[in-house]
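One structure is given below, encoded as structure tokens.
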Amino acid sequence: MQLKALQPLRLLVIAGSARRGSLNLRLAGAAAALAREAGASVEALDLRALQLPLYDGDLEAAGGAPEEALRLLEAVRGADALLLVTPEYNGFPTPLLINAFDWLSRLGPTDERPAGLAVTANKPVALLSASPGPLGGLRSMNFLRQYLQMAFAMIVVPQQFALSRANEAFDAQGALQDERARSTVAGVLSALGALATALRAARTPG
Ligand SMILES: Cc1cc2nc3c(=O)[nH]c(=O)nc-3n(C[C@H](O)[C@H](O)[C@H](O)COP(=O)(O)O)c2cc1C
15 MQLKALQPLR LLVIAGSARR GSLNLRLAGA AAALAREAGA SVEALDLRAL QLPLYDGDLE
75 AAGGAPEEAL RLLEAVRGAD ALLLVTPEYN GFPTPLLINA FDWLSRLGPT DERPAGLAVT
135 ANKPVALLSA SPGPLGGLRS MNFLRQYLQM AFAMIVVPQQ FALSRANEAF DAQGALQDER
195 ARSTVAGVLS ALGALATALR AARTPG
């Protein structure tokens with residue numbers, strides 16, 4: 015599928031694995047490259063660099079939410095749409111990804127900024143996953159979809175893609191070797207771009 019123009023979409027890409035050599039980071043990079051080629055402005059948020067502690071109510075009671083959670087909030091706030099690329103750990107999205115969003119959900123409003131749940135509400139998001147296995151991490155996206163819709167009021171586009179045998183999927187430059195895989199990722203991005211455009215039009219007065 016030919017990727018439709020994504021300009022002027024501001025796309026935030028977050029991978030649920032931060033390890034060196036992560037297949038999901040590679041898929042996120044390949045999708046980001048496709049989105050940039052189509053004119054989107056892409057920000058990739060590295061969850062390892064964010065260094066969020068594991069959510070702990072005592073930590074929160076003692077010092078409030080960590081600064082890094084605010085960085086996540088501002089990144090989500092500044093984006094028209096999100097692309098989340100998640101590994102599957104025993105059928106679920108990774109703790110790294112869920113922990114980041116759990117912190118985001120704890121941020122209340124201040125004079126300077128809206129609450130975490132206010133910046134996610136009605137924000138379009140698309141999901142990808144990658145695994146060396148035959149299902150490509152498919153099950154993780156079903157839980158992630160439910161979590162984002164139910165708890166964060168995000169609008170998750172129906173189109174999604176699970177990259178199976180992901181350990182054999184990329185060339186030396188990090189691009190997807192299989193044309194069908196590239197085309198399916200392009201289809202997910204096109205659906206996300208179309209939804210973001212429609213929402214922007216609906217919100218524009220007059
Ligand atoms: C704790 C754990 C559980 C896993 N469970 C699954 C699983 O349910 N399904 C699957 O396809 N792969 C599973 N895997 C394998 C991951 O898909 C594989 O390690 C993958 O490379 C992780 O993503 P990354 O390369 O982006 O870090 C699991 C790996 C770990 C460490």
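Going left to right, the sequence shown walks through residues 15 to 220 as the working numbering numbers them.
A virtual CB, placed ideally from N, CA and C, is assigned to each residue, including glycine.
Computed from a predicted model, the values in this text were never measured in an experiment.
| Query | Result |
| --- | --- |
| Shortest alpha-carbon distance to A200 belongs to which of S36, L41 and I28? | L41 |
| Which value, in whole angstroms, describes the spacing of the CA atoms of L64 and T134? | 19 angstroms |
| Can you give, in chain order, each stretch of the alpha helix (DSSP H) that sits fully within the stretch 142 to 204 and has at least 4 residues? | 152 to 166 |
| For a cutoff of 8 angstroms on Cβ pairs, would you count L86 as touching chain C? | Note that chain C does not occur in the displayed structure, where there is just one protein chain. |
| Looking at the structure shown, is R214 part of a helix, part of a strand, or coil, going by DSSP? | helix |
| Mind checking D94: buried by the 16 CB within 10 Å criterion, or exposed? | buried |
| Report the rounded CA-to-CA distance for V170 versus V202, giving the unit in angstroms. | 11 angstroms |
| Looking at the unbroken beta strand (DSSP E) that takes in E57, where does it start and where does it end? | S55 to L59 |
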